[in-house]
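**Q** Structure incoming, see below.
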Amino acid sequence: MHIKIQVVIEEEFGQTTIEDIVQFEKGSEQLNSVGLSLLESKQLLQALQKTIVLHQADSYTTAHQECPCCHNKRTIKSYHTIQFRTLFGIVSIPSVRLYHCACDNTSAKSFGLLNEWLPEHTSPELLYIETKWASLMSYESTADCLHDVLPVNQSLNPATVRNHLHTVAKRMETELEGKPDHLSGCPRDWGNLPKPDKPMTVGIDGGYVRNWNEKNTHLEVIAGKSYSATQPSKRFGFVQKMDDHPQRRLMNVLEQQGMQANQQITFLSDGADNVRELQYYMYPESEHVLDWFHVTMKLTVLNQFAKGLAHSDPDEGAKVTKALESTKWYLWHGNVERALDKIEDCSDLCNDEEIHYQNRKKFLKHLKEMDTYIRNNQHLIPNYGEKWRYGETISTAFVESTINEVVAKRMVKKQQMQWTHEGAHYLLQTRTAVLNNDLHHHFERWYPGLKIENSVEEPESTKLAA
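FYI, the numbering for the sequence shown is 1 to 466, going by the numbering used here.
Here is the structure:
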């Protein structure tokens with residue numbers, strides 16, 4: 001069976017062109033000859049793409065060779081070829097360089113006509129697919145998958161994919177410049193605003209990835225999630241060294257969720273200095289809560305030491321264990337002063353030189369760190385029990401899952417590679433945009449007329465707070 005595929009192109013002025021683009025020889029005896037194979041589909045798409053792009057370029061050249069002012073035909077300086085990269089291969093397009101007309105006051109003597117039509121020489125859809133896939137898996141896997149399913153050019157490699165992702169991320173970063181990093185308007189007028197939506201909860205935490213510049217160290221990244229009962233959740237992330245205005249980034253995320261100045265917002269964090277600085281000064285009427293999840297993690301470590309102490313000194317171990325239980329109870333009910341007293345009692349008990357526990361000094365060190373942690377964050381410790389009974393969020397366990405989703409799955413656990421500050425920061429921007437279902441909105445705004453099919457994320461309910 002001989003199959004010939006033609007394309008019919010109808011010009012604006014009624015002229016019709018018929019071109020043969022590809023031919024196949026297909027049999028009917030074997031199963032592998034039924035329908036188009038992947039290779040044949042690649043050949044078809046590549047040939048069709050080339051035909052369409054070349055006709056479009058020719059139409060554009062014909063329509064714009066005249067001067068828009070005097071309508072005289074501009075003189076050709078030279079001919080050259082530009083390479084247009086698409087999802088269906090590279091198309092070599094003949095182009096002309098024209099002299100500017102005498103009526104044009106521009107300082108340049110000549111210009112490439114198609115360079116104005118295709119300034120980036122890369123199709124937006126190729127940039128979009130590269131960025132989306134590379135945000136979800138490694139650069140090498142992205143390049144391999146594109147080669148497997150699409151007739152992209154063979155020169156596409158992990159470095160190219162990474163550079164294109166960085167280009168997209170830089171453009172997203174540029175859009176943040178000039179946006180506010182605090183609430184605008186006068187607080188006296190906030191009460192006159194329409195009734196706000198449901199309260200919002202913002203959880204912020206830090207994670208670590210391996211540092212490329214200093215091989216034996218890690219660099220810290222900040223990530224978080226904001227959500228409410230009526231709005232889809234939004235994730236954000238950044239490398240603090242690369243972001244001079246993190247409040248601006250968080251404010252932009254909250255505004256995308258329809259935040260109003262009179263809306264109730266609760267910030268949950270682990271009490272680290274860099275995280276506290278991010279949430280302070282941005283929304284003065286918000287509530288700041290120390291994450292109960294991190295408090296219990298530190299108490300769990302102390303209880304493990306207490307169990308070890310009970311093996312060598314049962315009486316002292318029992319007293320310390322009881323004091324730690326009281327510490328947790330007091331913290332749960334927001335009684336910071338009594339909790340600090342119980343931590344001090346534990347330290348006094350462990351200061352006895354007659355105790356035979358071999359990790360006694362380590363235990364004392366952790367007790368001192370716990371005391372400092374509670375003192376530094378005592379203004380962030382509410383009555384957790386009361387909040388819990390009223391169904392309010394008291395833990396950033398959902399942020400721990402966000403750290404895993406935003407950072408660990410792509411940058412730590414499965415992808416054992418090292419990162420520069422710049423590379424980690426840019427990847428976080430595109431990855432959060434993909435997870436937030438926002439990346440296609442950016443491309444559709446940058447390239448009017450571009451339509452990208454994308455599934456709409458369903459709003460997340462308050463079950464996240466549980």
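All C-beta atoms, glycine included, are put in the ideal place defined by N, C-alpha and C.
No experiment lies behind these values; they were computed from the predicted model shown.
Taking the alpha-carbon of E422 as reference, which of M242, I52 and K361 has the nearest alpha-carbon?
**A** Cα-wise, what sits closest to E422 is M242.
**Q** Three or more beta-carbon pairs under 8 Å between the region 444–454 and the region 243–254, yes or no?
**A** Counting Cβ pairs under 8 Å, fewer than three are found: no touch.
**Q** Compute the Euclidean distance between the alpha carbons of R162 and H333, then round it to the nearest angstrom.
**A** Going from the Cα of R162 to the Cα of H333 covers about 50 Å.
**Q** Using only the alpha-carbon positions, how far apart do E11 and T17 sit?
**A** If you take the alpha carbons of E11 and T17, they lie about 8 Å apart.
**Q** Would you report the Cα separation of L219 and R210, rounded to the nearest angstrom?
**A** Taking the straight line joining both Cα atoms gives about 6 Å.
**Q** Answer with buried or exposed for H71, where buried requires no fewer than 16 other C-beta atoms within 10 angstroms of its C-beta.
**A** Exposed.
**Q** Smallest Cα separation from K77: which of E354, L193, Q65 and T86?
**A** Selected option, being the one with the closest Cα: Q65.
**Q** For N157 versus A143, is the C-beta spacing smaller than 8 Å?
**A** In contact: N157 and A143 (Cβ atoms closer than 8 Å).
**Q** Buried or exposed for D20, going by 16 or more other Cβ atoms inside 10 Å?
**A** It counts as exposed.
**Q** Taking DSSP's pairing of strands, which residues face V34 in a bridge?
**A** The partner list for V34 (beta bridge, DSSP) is empty, contrary to what the question assumes.
**Q** Kindly indicate the opening and closing residues of the alpha helix (DSSP H) around G207.
**A** Where G207 is concerned, there is no enclosing alpha helix (DSSP H), although the beta strand (DSSP E) it sits in stretches over M200 to R210.
**Q** Measuring CA to CA, which of H288, S286 and T321 is closest to T300?
**A** The shortest C-alpha separation from T300 is found at T321.
**Q** Would you kindly work out how many angstroms separate the C-alpha atoms of T430 and N404, rounded to a whole number?
**A** Answer to the nearest angstrom: the Cα atoms are 16 Å apart.
**Q** If I'm right that L290 touches L176 with Cβ under 8 Å, what's the distance once you round it to whole angstroms?
**A** So it is not a contact: roughly 29 Å between Cβ atoms.
**Q** Provide the residue span of the beta strand (DSSP E) that contains A223, from first to last.
**A** Here the beta strand (DSSP E) through A223 covers H218 to S228.
**Q** Check the C-beta distance from G237 over to L428 and give it rounded, since I have them as a contact under 8 Å.
**A** Confirmed, about 4 Å.
**Q** Report the residue from A102, P68 and T62 whose alpha carbon sits nearest the alpha carbon of P94.
**A** The option with the nearest alpha carbon to P94 is T62.
**Q** According to DSSP, W419 sits in a beta bridge with which residue or residues?
**A** Beta-bridge pairing links W419 to N211.
**Q** Determine the contact status of M200 and S228, defining contact as a CB-CB distance below 8 Å.
**A** In this structure, S228 lies closer than 8 Å to M200 by Cβ.
**Q** Sort out for me which residues DSSP pairs S402 with in a bridge.
**A** For clarity, residue 402 is Thr in the given sequence; the question names Ser instead. For T402, which the question treats as bridged, DSSP gives no partner whatsoever.
**Q** Is it right to say K26 is buried, meaning 16 or more other beta carbons lie within 10 angstroms of its own, or is it exposed?
**A** Burial call: exposed.
**Q** For a test of the three-state rule: what should DSSP assign to S286, helix, strand or coil?
**A** S286 falls in the coil class under three-state DSSP.
**Q** Can you pull the DSSP bridge partners for R248?
**A** Note: R248 sits in no beta bridge, so no partner.
**Q** For the candidate residues V96, F24, D104 and L127, whose alpha-carbon lies nearest to that of E116?
**A** Measuring from the Cα of E116, the nearest candidate turns out to be V96.
**Q** Alpha helix (DSSP H) containing Q304: first to last residue?
**A** Segment W292 to S312, the alpha helix (DSSP H) holding Q304.
**Q** Apart from the five residues just before and just after E469, which ones in its own chain have a Cβ nearer than 6 Å to its Cβ?
**A** The displayed coordinates of the chain run from 1 to 466. Any statement about residue 469 would go beyond what the structure contains.
**Q** Any contact of the region 362–370 with the region 295–313, i.e. 3+ C-beta pairs under 8 Å?
**A** Short answer: they touch.
**Q** Determine the extent of the beta strand (DSSP E) in which K342 is found, giving its start and end residues.
**A** Run containing K342: none in the beta strand (DSSP E); it sits in the alpha helix (DSSP H), V336 to C350.
**Q** Can you tell me whether DSSP reads Q23 as helix, strand or coil?
**A** Strand, per DSSP.
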